[in-house]
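Chemist: Attaching a single structure in structure tokens format; questions to follow.
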Amino acid sequence: MQECELYQYYIFLVIALLLVSLFFNLRYKQTIQKRQENENILIKNAYYHPVTSLPNKENIKIVISEQIDRALRHDKSFLIMLVKIKNYHEVKLHAKVLAEEFILEASNRLLQSTRDEDIIGHMSDDTFVVVFNEYLEERNYNIVLKRVEESFAESPELDTKYNIDFKISIGTCKYPEEANDVDSLIEKARNEAIDID
1 MQECELYQYY IFLVIALLLV SLFFNLRYKQ TIQKRQENEN ILIKNAYYHP
51 VTSLPNKENI KIVISEQIDR ALRHDKSFLI MLVKIKNYHE VKLHAKVLAE
101 EFILEASNRL LQSTRDEDII GHMSDDTFVV VFNEYLEERN YNIVLKRVEE
151 SFAESPELDT KYNIDFKISI GTCKYPEEAN DVDSLIEKAR NEAIDID
């Protein structure tokens, strides 16, 4: 009889230990998942714009640097296009939410008017950069430039009482003919920007 009770006690103890172990393993797994989610959020915040979810300035500089390396390897050139939303800060004076909708609409128009292989980055509040990811002929760049101009010619569909149109300027810079490093490519495109009406 005593052996039976001892046996039951051991079984109960083993089951209790298994349940405790299972509980702590589940908690540990949840902790790891939460940590991974937090790391992903940190990475996203470090390399992507919070409103548009496009690559931010640091990320796009890495992309341009990699494009320079590829162009050097294959003895090719490529183009970047800088698009500045000139009236963004004017819209932001009305309301921050309106400005976020406005800039999100701008990013969507850029995404729709460029090719899938082109990379669009959100450099600052009012500035986007398009990195043409292929070595194209200049006439092909002009097709995309024209599509961008046409897409911004239409008024944005925003839920507001204000009459808001896009006022943009576009500048381009070609590697290596006009600049040969990341910062000078961006600066040259900024300096070459032409107002589009």
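Under UniProt numbering, think of the first position of the sequence shown as 1, with each following residue one higher. Just so you know, even glycine gets a beta-carbon here, dropped at the ideal spot from N, CA and C. All values derive from a computational prediction rather than experimental measurement.
1) Give every residue of the same chain whose Cβ lies closer than 8 Å to the Cβ of N38, excluding the five residues on either side of it in the sequence, and list them in chain order.
2) In chain order, what are the residue ranges of uninterrupted alpha helix (DSSP H) at least 4 long that sit wholly in the UniProt domain "GGDEF" (76-197)?
3) Can you grab the Cα-Cα spacing for the pair Y175 / V144, in whole Å?
4) Within 10 angstroms of its Cβ, does H122 collect 16 or more other Cβ (buried), or is it exposed?
5) How far does the alpha helix (DSSP H) with S65 in it extend, from its first residue to its last?
6) On a Cα-Cα basis, can you pick out the residue from D195, Y88 and R109 that is closest to D125?
7) In whole angstroms, give me the CA-to-CA distance for K188 and S151.
8) Quick one: Cα of V83 to Cα of R35, how far?
9) Of the choices N108, T127, F132 and S107, whose alpha-carbon is the least far from that of E119?
10) Under 8 Å, with one C-beta from each stretch per pair, do the stretch 12-23 and the stretch 67-78 reach the 3-pair mark?
11) Is the CB-CB distance between I170 and M81 below 8 Å?
Modeler: Here's the rundown:
1) Counting from 1 along the sequence shown, the entry for residue 38 is found at position 38. Once the five neighbours on either side are set aside, N38 has no close Cβ partner at all.
2) Counting whole runs of 4 or more residues, the UniProt domain "GGDEF" (76-197) contains the alpha helix (DSSP H) stretches 88-94, 96-113, 138-153 and 182-191.
3) Numbered from its first residue, the sequence shown carries residue 175 at position 175. Numbered from its first residue, the sequence shown carries residue 144 at position 144. One C-alpha to the other measures close to 18 Å.
4) By one-based count along the sequence shown, residue 122 stands at place 122. Its Cβ being crowded by 16 or more others within 10 Å, H122 is buried.
5) The residue labelled residue 65 in the question sits at position 65 within the sequence shown. First-last of the alpha helix (DSSP H) with S65: K57 to H74.
6) Looking up residue 125 in the sequence shown gives position 125. Taking D125 as reference, the option from D195, Y88 and R109 with the minimal CA-CA separation is Y88.
7) As a working mapping, residue 188 is identified with position 188 in the sequence shown. As a working mapping, residue 151 is identified with position 151 in the sequence shown. It is roughly 24 Å from the alpha-carbon of K188 to the alpha-carbon of S151.
8) Your numbering for residue 83 matches position 83 in the sequence shown. Your numbering for residue 35 matches position 35 in the sequence shown. Near 37 Å, if we compare the C-alpha coordinates of R35 and V83.
9) The residue labelled residue 119 in the question sits at position 119 within the sequence shown. A small fix is needed here, since residue 119 is Ile in this sequence, not Glu. Of the candidates N108, T127, F132 and S107, the residue whose Cα lies closest to the Cα of I119 is F132.
10) Contact fails: fewer than three Cβ-Cβ distances are below 8 Å.
11) Here residue 170 corresponds to residue number 170 of the sequence shown, with the count starting at 1. Here residue 81 corresponds to residue number 81 of the sequence shown, with the count starting at 1. Contact flag set, yes.
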